[in-house]
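K.L.:
Could you have a look at this structure, given as structure tokens, before my questions?
In this note's numbering, the protein residues as written are 145 to 420.
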């Protein structure tokens with residue numbers, strides 16, 4: 145049976161084949177997670193819960209949303225598992241970051257009646273080829289029918305950096321999801337939307353048929369490259385400091401540790417670190 149790939153799996157190989165090898169071939173379990181990943185997961189969970197209430201005709205006050213976030217933090221935080229990469233940054237900063245994300249989102253979208261939620265945390269799985277040799281899966285944060293009738297694939301980003309429009313127009317993750325969603329809504333226009341909740345900004349992008357076909361072929365080619373890989377050599381990059389396999393990676397076990405990069409924009413959002 146062929147392997148089912150995801151954007152995260154593909155990105156792991158592109159960033160560092162050795163990380164891919166540790167994570168998906170040797171299947172070494174992660175004993176820790178970064179605090180950025182922890183915050184992102186909690187924010188996603190609270191936003192999902194918020195829209196469940198909205199779907200039931202109830203709009204909780206922002207203070208209730210924030211209170212639930214802090215309660216969820218207390219329920220799930222494990223100081224032995226969650227690690228802070230940037231030394232000197234207090235845990236309170238990250239806890240406050242999650243609260244700021246939620247307040248920004250709430251303020252921008254209240255009373256949450258501008259569109260129709262079709263699905264929350266929607267799993268999507270589809271084939272890139274007729275034979276089913278190249279399969280993709282993912283999870284859509286929120287699938288929406290916007291006020292203008294367009295289907296929107298929405299994604300929450302908790303990282304601090306907001307990419308340029310040019311970068312978003314080349315983004316693979318949501319465009320891959322569009323290939324799957326398009327099968328469910330044939331002929332309907334689809335829009336990609338990112339909520340950068342740390343700064344309260346929203347960005348959108350669209351793909352035409354030619355761009356989607358090019359993406360399909362590029363992804364098939366990348367999967368073929370992964371299948372042909374034999375060495376899985378490590379590739380040191382700025383994100384190494386957030387990698388759960390750094391302590392056992394040959395690129396780092398033979399040389400002294402280095403501090404993470406000083407540029408705050410390098411801090412990854414949890415979606416860059418998930419294990420889908």
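The beta-carbon is built from N, C-alpha and C at its ideal position, and this holds for glycine as well. The model shown is predicted, which means the values in this text are computed figures rather than measured ones.
Among 325, 189, 311, 146, which one has its Cα closest to the Cα of residue 295?
P.N.:
Walking along the chain shown from the start, residue 295 turns up at place 151. That would be 325, whose Cα lies nearest to the Cα of residue 295.
K.L.:
Going along the chain, which residues of its own chain have a beta-carbon closer than 6 Å to the beta-carbon of residue 370, five neighbours each way excluded?
P.N.:
Residue 370 sits at position 226 when you count from the first residue of the chain shown. Only 157 meet the Cβ criterion.
K.L.:
Given a cut-off of 8 Å on the beta-carbon distance, is the pair residue 112 and residue 148 in contact?
P.N.:
Residue 112 is absent from the model: the chain starts at 145 and stops at 420.
K.L.:
Is the beta carbon of residue 259 less than 8 Å from the beta carbon of residue 291?
P.N.:
Residue mapping note: residue 259 aligns to position 115 of the chain shown, counting from 1. Residue mapping note: residue 291 aligns to position 147 of the chain shown, counting from 1. Their beta carbons are under 8 Å apart, which means residue 259 touches residue 291 by this criterion.
K.L.:
Which residue wins for smallest C-alpha separation from residue 343, given the options 165, 274, 302, 376?
P.N.:
Stepping through the chain shown from its first residue, residue 343 is reached at position 199. Of the candidates 165, 274, 302, 376, the one whose C-alpha sits nearest the C-alpha of residue 343 is 302.
K.L.:
Enumerate in chain order the residues of its own chain whose CB-to-CB distance from residue 192 is below 7 Å, with the five nearest sequence positions on each side excluded.
P.N.:
Position 48 of the chain shown, counted from the start, is the residue given in the question as residue 192. Only 264, 265 meet the Cβ criterion.
K.L.:
Return helix, strand or coil for residue 329, following the three-state DSSP convention.
P.N.:
Along the chain shown, read from residue 1 onward, the residue named residue 329 stands at position 185. Residue state, collapsed to three classes: coil.
K.L.:
Could you pull the start and end residues of the alpha helix (DSSP H) that residue 297 belongs to?
P.N.:
Here residue 297 refers to the residue found at position 153 when the chain shown is read from its first residue. It is not in any alpha helix (DSSP H) - residue 297 instead sits in the beta strand (DSSP E) that spans 295 to 301.
K.L.:
Count the other CB atoms within 10 Å of the CB of residue 233; is the residue buried (16 or more) or exposed (fewer)?
P.N.:
In the chain shown, counting from the first residue as 1, residue 233 sits at position 89. Counting Cβ neighbours within 10 Å, residue 233 comes out exposed, since fewer than 16 surround it.
K.L.:
Quick one: what does DSSP say residue 285 is sitting in, helix, strand or coil?
P.N.:
Mapped onto the chain shown, residue 285 falls at position 141. Strand at residue 285.
K.L.:
Alpha carbon to alpha carbon, how far is residue 356 from residue 261?
P.N.:
The residue labelled residue 356 in the question sits at position 212 within the chain shown. The residue labelled residue 261 in the question sits at position 117 within the chain shown. Taking the straight line from one Cα to the other gives about 24 Å.
K.L.:
Based on Cα-Cα distance, which residue from 310, 256, 359, 374 lies nearest to residue 205?
P.N.:
Reading the chain shown from its first residue, position 61 is the one you call residue 205. Nearest C-alpha to residue 205: 256.
K.L.:
Terminal residues of the continuous alpha helix (DSSP H) containing residue 163?
P.N.:
On the chain shown, residue 163 is found 19 positions in, with the first residue counted as 1. Unbroken alpha helix (DSSP H) run through residue 163: 161 to 164.
K.L.:
What did DSSP end up calling residue 274 once you bin it into helix, strand or coil?
P.N.:
The residue given as residue 274 occupies position 130 in the chain shown. Residue 274: coil per DSSP, three-state reduction.
K.L.:
Please report how far the alpha carbon of residue 185 lies from the alpha carbon of residue 225, in whole angstroms.
P.N.:
Position 41 of the chain shown holds residue 185. Position 81 of the chain shown holds residue 225. Taking the straight line joining both Cα atoms gives about 14 Å.
K.L.:
Indicate the three-state DSSP secondary structure (helix, strand or coil) for residue 185 in the structure shown.
P.N.:
Against the chain shown, residue 185 aligns to sequence position 41. Of the three classes helix, strand and coil, the one that applies to residue 185 here is helix, per DSSP.
K.L.:
Does the Cβ of residue 374 have 16 or more other Cβ atoms within 10 Å, making it buried, or fewer, making it exposed?
P.N.:
For the purposes of this step, residue 374 is taken as the residue at position 230 of the chain shown. Per the 10 Å Cβ criterion, exposed.
K.L.:
Is residue 350 near residue 337, with beta carbons less than 8 Å apart?
P.N.:
The count along the chain shown starts at 1 and reaches residue 350 at position 206. The count along the chain shown starts at 1 and reaches residue 337 at position 193. Taking 8 Å as the Cβ cut-off, residue 350 and residue 337 do not qualify as a contacting pair.
K.L.:
Which same chain residues, not among the five before or five after residue 267, have their C-beta less than 6 Å away from its C-beta?
P.N.:
Translated into the one-based positions of the chain shown, residue 267 becomes position 123. Hits under 6 Å: 283.
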